[in-house]
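Input: a single structure, listed below in structure tokens.
Protein chains: 2
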Amino acid sequence: MTVKRNTWQKDAVRHALSESAGFVSAQQLHQVLHAHGSTIGLATVYRALADLLLAGDADSITSTDGQLLYRACGTSHHHHLVCRECGLTVEIDADQVEAWASGIGGANGFTDVSHTIELFGLCRGCRGL
Amino acid sequence: MTVKRNTWQKDAVRHALSESAGFVSAQQLHQVLHAHGSTIGLATVYRALADLLLAGDADSITSTDGQLLYRACGTSHHHHLVCRECGLTVEIDADQVEAWASGIGGANGFTDVSHTIELFGLCRGCRGL
DNA sequence: GACTTATTGACATTCATTATCAATAAGACT
DNA sequence: AGTCTTATTGATAATGAATGTCAATAAGTC
Numbered sequence: 001m002t003v004k005r006n007t008w009q010k011d012a013v014r015h016a017l018s019e020s021a022g023f024v025s026a027q028q029l030h031q032v033l034h035a036h037g038s039t040i041g042l043a044t045v046y047r048a049l050a051d052l053l054l055a056g057d058a059d060s061i062t063s064t065d066g067q068l069l070y071r072a073c074g075t076s077h078h079h080h081l082v083c084r085e086c087g088l089t090v091e092i093d094a095d096q097v098e099a100w101a102s103g104i105g106g107a108n109g110f111t112d113v114s115h116t117i118e119l120f121g122l123c124r125g126c127r128g129l
Numbered sequence: 001m002t003v004k005r006n007t008w009q010k011d012a013v014r015h016a017l018s019e020s021a022g023f024v025s026a027q028q029l030h031q032v033l034h035a036h037g038s039t040i041g042l043a044t045v046y047r048a049l050a051d052l053l054l055a056g057d058a059d060s061i062t063s064t065d066g067q068l069l070y071r072a073c074g075t076s077h078h079h080h081l082v083c084r085e086c087g088l089t090v091e092i093d094a095d096q097v098e099a100w101a102s103g104i105g106g107a108n109g110f111t112d113v114s115h116t117i118e119l120f121g122l123c124r125g126c127r128g129l
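Chains as they are written, first to last, in my numbering: chain H, 1 to 129; chain D, 1 to 129.
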């Protein structure tokens, strides 16, 4: 049977992902890693992220322009309010929504319900241009 | 200012979409239209679908393999509960969440707040395998 | 250290979606 | 009806994220 091997590349991806706030694309992670001097390959980043998904150490959503965004998972769960102009991000917690989400899931016969909630808007600064 | 023009192509896409049950990809719609004798171009199908999205006459989700799926849609804004195994989709309406979203946005100085909410879970069928 | 083979990484490939742009036709105006 | 403006179309090229390929590398074992 195939035996998993531990490589610095996988650790690097895991670490870079946990350092990132919010959702990050595989390409962004690759760039960040290179900016920090790593020589990791793009394909390897994709493979490491796929492994993290399977292992449940990360989850993903697809952004509006169609690319997959990843997030470290297992830490505290929260959501973001993002300015669609400048990218300013405000963390929000949403206990009501958490409860609502799991309730809806159960009412429809779904289990293991996870959710992705992102709010986009125009922040004060960008509006006041 | 730009003036919208009505073409048989847009009507064809709108009609084909409303005839389709469930979610359909742009490529599938294009094939269906050609199978019915239409000579509509693929790019035009994409453009018509984009217009329908903007007009609120259709909504879309991204399938597990990354492509956009479209569906004719009523006027009301709603969200989806999707089985992460088989793709079974249940419509949910979320008045509470709508209110919560705009409230949070305003409280943080954001205007024009839009949101994306997706719930993923395991449906009864897939769980019982 | 030697060996097996999982993993890497540079590159090619796939494929959905978008951009390009000349040709067409919708709507307005006479 | 004819003319004119330009929004729209459609064939094709281009983009770009994601995956496949495969020789070279290195993790874990003995």
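Every residue, glycine too, gets a C-beta built ideally from N, C-alpha and C.
Taking only beta carbons into account, state which residues of the region 88-114 of chain D come closer than 7 Å to chain H, listed in chain order. 90, 92, 96, 97, 100, 101, 104, 105, 108, 109, 110, 111, 112, 113 and 114
Is it buried or exposed for residue 100 of chain H, if we count other Cβ within 10 angstroms and need 16 for buried? To locate residue 100 of chain H, count along the first sequence from 1; it is residue 100. Classification for residue 100 of chain H: buried.
Thinking residue 59 of chain H and residue 73 of chain H are a contact (beta carbons under 8 Å), I'd like their distance in whole angstroms, please. As a first step, residue 59 of chain H must be located in the first sequence, where it is residue number 59. As a first step, residue 73 of chain H must be located in the first sequence, where it is residue number 73. Residue 59 of chain H to residue 73 of chain H, Cβ: 5 Å. Contact.
Measuring alpha carbon to alpha carbon, tell me which of H:57, H:2 and H:123 ends up nearest residue 11 of chain H. Numbered from its first residue, the first sequence carries residue 11 of chain H at position 11. Among H:57, H:2 and H:123, the Cα nearest to that of residue 11 of chain H is on H:57.
On the premise that residue 23 of chain H lies in contact with residue 123 of chain D, defined as a C-beta separation below 8 Å, what is that separation, rounded to the nearest angstrom? Translated into the one-based positions of the second sequence, residue 123 of chain D becomes position 123. Translated into the one-based positions of the first sequence, residue 23 of chain H becomes position 23. Contact doesn't hold; Cβ gap of about 25 Å is too wide.
Are the C-beta of residue 42 of chain H and some C-beta of chain D separated by less than 8 Å? Translated into the one-based positions of the first sequence, residue 42 of chain H becomes position 42. Judged by the 8 Å Cβ criterion, residue 42 of chain H is not in contact with chain D.
Alpha carbon to alpha carbon, what distance is there between residue 65 of chain D and residue 61 of chain H? Taking the first residue of the first sequence as 1, we reach residue 61 of chain H at position 61. Taking the first residue of the second sequence as 1, we reach residue 65 of chain D at position 65. Near 12 Å, if we compare the C-alpha coordinates of residue 65 of chain D and residue 61 of chain H.
At what residues does the alpha helix (DSSP H) containing residue 44 of chain H begin and finish? Within the first sequence, numbered from 1, the residue matching residue 44 of chain H stands at position 44. Looking at the DSSP string, the run of the alpha helix (DSSP H) that includes residue 44 of chain H is 42-55.
Integer Cβ distance of residue 119 of chain D from residue 113 of chain H, believed to fall under 8 Å: Numbered from 1 along the second sequence, position 119 holds the residue referred to as residue 119 of chain D. Numbered from 1 along the first sequence, position 113 holds the residue referred to as residue 113 of chain H. 6 Å between Cβ atoms; contact.
So for residue 32 of chain D, helix, strand or coil by DSSP? Position 32 of the second sequence, counted from the first residue, corresponds to residue 32 of chain D. Of the three classes helix, strand and coil, the one that applies to residue 32 of chain D here is helix, per DSSP.
Provide the residue(s) that pair with residue 89 of chain D in DSSP beta bridges, ordered along the chain. What you label residue 89 of chain D is simply residue 89 of the second sequence in a count that begins at 1. Per DSSP, D:82.
Can you pull out the residues from the region 23-57 of chain H whose beta carbon lies closer than 9 Å to at least one beta carbon of chain D? none
Sub-8 Å separation of residue 26 of chain H and residue 3 of chain H beta-carbons: As a first step, residue 26 of chain H must be located in the first sequence, where it is residue number 26. As a first step, residue 3 of chain H must be located in the first sequence, where it is residue number 3. Their beta carbons are not under 8 Å apart, which means residue 26 of chain H does not touch residue 3 of chain H by this criterion.
Using 8 Å for Cβ pairs, my map puts residue 29 of chain H next to residue 50 of chain H. What's the rounded Cβ distance? Residue mapping note: residue 29 of chain H aligns to position 29 of the first sequence, counting from 1. Residue mapping note: residue 50 of chain H aligns to position 50 of the first sequence, counting from 1. With a Cβ gap of about 13 Å, residue 29 of chain H and residue 50 of chain H do not count as contacting.
So, for residue 82 of chain D: in the same chain, excluding its five sequence neighbours on each side, which residues have a beta-carbon less than 6 Å away from its beta-carbon? What you label residue 82 of chain D is simply residue 82 of the second sequence in a count that begins at 1. Only 89 and 120 meet the Cβ criterion.
Residue 122 of chain H: contacting residues in chain D (beta-carbon distance under 7 Å): Walking along the first sequence from the start, residue 122 of chain H turns up at place 122. Here the neighbours are 110, 111 and 112.
Assign residue 105 of chain D to one of two classes, buried (16 or more other C-beta atoms within 10 Å of its C-beta) or exposed (fewer than that). For the purposes of this step, residue 105 of chain D is taken as the residue at position 105 of the second sequence. Per the 10 Å Cβ criterion, buried.
Using a C-beta to C-beta distance shorter than 8 Å, which residues of chain H count as neighbours of residue 19 of chain D? As a first step, residue 19 of chain D must be located in the second sequence, where it is residue number 19. Going along chain H, no residue has its Cβ under 8 Å from residue 19 of chain D, so there is no contact; the nearest lies around 25 Å.
Just checking my contact of residue 14 of chain D with residue 52 of chain D at CB under 8 Å: how many whole Å lie between their CB atoms? Counted from its first residue, the second sequence places residue 14 of chain D at position 14. Counted from its first residue, the second sequence places residue 52 of chain D at position 52. Going by Cβ atoms, the distance from residue 14 of chain D to residue 52 of chain D rounds to 7 Å, so yes, they are a contact pair.
Using C-beta distances below 6 Å, list every residue in its chain close to residue 9 of chain D, excluding the 5 sequence neighbours before and after it, in chain order. Reading the second sequence from its first residue, position 9 is the one you call residue 9 of chain D. 40 and 44, listed in sequence order.
Residue from H:67, H:96, H:116 and H:18 with nearest C-alpha to residue 80 of chain H: Start at 1 with the first residue of the first sequence, and residue 80 of chain H comes out as number 80. Among H:67, H:96, H:116 and H:18, the Cα nearest to that of residue 80 of chain H is on H:116.
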